Amino acid sequence: MNRPEQFLDDYDLRTEAIKFGDDPNEYFGRSEANMHTIPRERLASLHEEVLKYRFDSLVDKIPMLQQLAAKQGIERLDSIDDAVPLLFEHTMYKAYPPFLLEHSRFADINRFISKLTSIDISDVDVSDCKTIDEWLDVLDTETDLYLTLSSGTTGTMSFIPASRREWDKRFTQIASVVRDRTNEGDEDVYCIFPYFRRGGPMRVNDYFVKDVLDGDESRFIPAFPQRLSADVLYLTGRIRSAKAKGKLDSLQINPALLERVKEFEELQNNMPKLLGEFFTRTYEEFKGRRLFFAGTWSMLHTWARQGLEKGLEGVFAPNSYVQGGGGSKGVTPPENWQEDVCRFIGIDKLHMAYGMSEVFTLNYQCEYDRYHLSPVAIPFVLDPDTSKPLPRTGRQTGRAAFFDVGSETRWGGFITGDEITVNWSDYCPCGRQSHFIEGEIQRYSEKRGGDDKITCAATESAHNEAMDYLTSLETDG
803 MNRPEQFLDD
813 YDLRTEAIKF
823 GDDPNEYFGR
833 SEANMHTIPR
843 ERLASLHEEV
853 LKYRFDSLVD
863 KIPMLQQLAA
873 KQGIERLDSI
883 DDAVPLLFEH
893 TMYKAYPPFL
903 LEHSRFADIN
913 RFISKLTSID
923 ISDVDVSDCK
933 TIDEWLDVLD
943 TETDLYLTLS
953 SGTTGTMSFI
963 PASRREWDKR
973 FTQIASVVRD
983 RTNEGDEDVY
993 CIFPYFRRGG
1003 PMRVNDYFVK
1013 DVLDGDESRF
1023 IPAFPQRLSA
1033 DVLYLTGRIR
1043 SAKAKGKLDS
1053 LQINPALLER
1063 VKEFEELQNN
1073 MPKLLGEFFT
1083 RTYEEFKGRR
1093 LFFAGTWSML
1103 HTWARQGLEK
1113 GLEGVFAPNS
1123 YVQGGGGSKG
1133 VTPPENWQED
1143 VCRFIGIDKL
1153 HMAYGMSEVF
1163 TLNYQCEYDR
1173 YHLSPVAIPF
1183 VLDPDTSKPL
1193 PRTGRQTGRA
1203 AFFDVGSETR
1213 WGGFITGDEI
1223 TVNWSDYCPC
1233 GRQSHFIEGE
1243 IQRYSEKRGG
1253 DDKITCAATE
1263 SAHNEAMDYL
1273 TSLETDG
């Protein structure tokens, strides 16, 4: 086998090359789908080697990983399951003390983030930053880190650190998927995006334009071309959380920002009407064009139903790419919603995908309604109560966890809040060699009445001590 370093270089999809094994032409190709032809034993061996390499190369560079490994006496990984005690919880990236963000203590947040990445930003001067937007602008200008953040709807924001190269790899992989599925004809792809162009979680749209649309901004069609302020998003979440807890009177908010929050809430209240107008414009202006659209089932079906009620069918080019995803939020989708969407847009099928912001790949559904696990992330199924790894054989149901092979500057191990069933033994009739998820994907918080405390596979004391280190404001580590 080639050295893991060689695999990781070859994995860089910006070169449009995917190579595995000793023969440089083995599994070589432009297509992300090529990766699903790797024999399972070969892939398992490759995953194990890459996991060992990632640990050896990052354990001394990522302080939180170093702490967690040291507390448990882990000096090396000999198998895939050895990594389970080192997987980060899905709350890790928002574990900073809340008052840091409330009081704009961005130097301390820099120190917090620096414990989760090999890119040290603790010395970056952010003393003049009064807002989250200003802080992000400084990091974008002065570091190689490009943070993505959550929407903050629960009153806190997650900050996920990654380098610009890592973002390029993710979106060039997405570009290869789009090419696979829109390979008929040479006409341009237009992206219809029913939200803000930039700001907040939409910061990654810059990479979509750069890597998927070849830098052509004119082909990215947002509903709202302006920037969504991260500060407004954060404060909106804090206000909602305080209202739910009956503590709204205790909030102290800058009056100017409060006025912007009110404007944003008004826009959200008007969102159905505004999106209806936006969708009308898109099918009037871009009919017959090749389309890229990604959205939840409810958004896709609303758009399709609006068009079908006007007698519109087959509006866009038949080689358009439409991707669906997102949970049901407790609402059962209509039985024929996918058929409605396909009939309106004029395509044969939707491309359903399962993924999360913390893992830089997507798992796509095949024609047999199975989500095939991407070879660029190592999957785990964990016992939901102990987080111990379940056997990688047969059919196993438990908590989903992943190790992101493409993570170069942060530890790719991540425990989700999702329940999945993985079939490790059978092969799918679609012909892909990869393992796959069967049945419904659910949130444990929905199954457990809102409560989903993860019990880490690490010893409790080791995990608690590592978390104390992460949230400490000490500068010397």
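Quick note, the sequence shown lines up with residues 803 to 1279 if you use our numbering.
Built from N, CA and C at the ideal position, the CB exists for glycine as well.
Here the structure is a predicted model, which means the values were calculated and not measured.
Between LEU902 and the set THR958, ASP1220, GLU1221, VAL1124, the nearest pair of CA atoms involves THR958. Between PHE890 and PHE1216, the CB-CB gap stays under 7 Å. Three or more beta-carbon pairs separated by less than 8 Å are not found between the stretch 1211 to 1227 and the stretch 972 to 985, which leaves the two stretches without contact. Remark: C-beta atoms of ILE921 and ASN912 do not approach each other more closely than 7 Å. Here VAL1178 is not near GLY1200, since their CB atoms are 7 Å or more apart. Collapsing the DSSP output to three states places MET1154 in a strand. Annotation for LEU1093: the continuous beta strand (DSSP E) segment containing it runs 1092 to 1098.
With a cutoff of 7 Å on beta-carbon distance, HIS838 and HIS1153 are scored as not near each other. Cβ contact annotation for ASP1270 (same chain, cutoff 8 Å, sequence separation greater than five): none. Secondary structure note for ILE1149: it is in no beta strand (DSSP E), with a DSSP letter that is neither H nor E. Annotated three-state conformation of TYR1166 is strand, per DSSP. Listed as beta-bridge partners of GLN1125 by DSSP are ALA1096, HIS1153. With respect to LYS917, PRO865 sits close: the two C-beta atoms are nearer than 7 Å. At the C-beta level, LEU1102 and GLY1126 come within 7 Å of one another. Annotation for TYR1246: PRO1186, ARG1201, GLY1219, ASP1220, GLU1221, ASP1254 place their beta carbon closer than 8 Å to its own, counting only its chain and skipping 5 residues before and after. The criterion of a C-beta distance shorter than 7 Å is not satisfied by ALA871 and VAL886. Within the stretch 865 to 890, the runs of alpha helix (DSSP H) that reach at least 4 residues and sit entirely inside it are, in chain order, 865 to 873. Just measuring C-alpha positions, the residue of ARG1000, THR1038, ALA977, CYS1230 sitting nearest GLU904 is THR1038. If you look at ALA1044, you'll find it in the alpha helix (DSSP H) that goes 1032 to 1047. In the three-state DSSP reduction, SER847 falls in the helix class (H, G or I).
In this structure, ARG1145 sits near GLU1115, with a CB-CB distance shorter than 7 Å.
The Cβ atoms of LYS896 and SER960 sit closer than 7 Å to each other. Our two residues, ALA1119 and ASP1150, have alpha carbons roughly 11 Å apart in a direct line. For GLY1002 against LEU1030, the beta-carbon gap comes to about 4 Å, under 8 Å, which counts as contact. Residue nearest to LEU949 within the set THR933, LEU1077, CYS931, VAL1006 is VAL1006 (criterion: CA-CA distance).
In the three-state DSSP reduction, HIS1237 falls in the coil class, being neither helix nor strand.
In the DSSP annotation of this structure, the continuous segment of the alpha helix (DSSP H) that includes PRO900 starts and ends at 900 to 904. Counting along the chain, the unbroken alpha helix (DSSP H) around PRO1074 starts and ends at 1073 to 1087. Per the coordinates, the alpha-carbon of PRO1074 lies some 40 Å from the alpha-carbon of THR1273.
Counting along the chain, ARG999 sits inside no alpha helix (DSSP H); it lies in the beta strand (DSSP E) bounded by residues 991 to 1000. Annotation for GLU1221: the continuous beta strand (DSSP E) segment containing it runs 1215 to 1225. Across the set PHE1022, THR933, SER1263, the C-alpha of PHE1022 shows the shortest separation from the C-alpha of MET1004. Residue ASP942 holds the alpha-carbon nearest to the alpha-carbon of VAL926 among MET894, ASP942, GLU1210. Its Cα nearest to that of PRO900, the residue SER1043 stands out among SER1043, ILE1256, GLU1240, GLN1070.
Taking every protein chain shown into account, the CB of TYR1229 has fewer than 16 other CB atoms within 10 angstroms, so this residue is exposed.
Take the alpha-carbon of SER1189 and the one of LEU888: they are about 11 Å apart.
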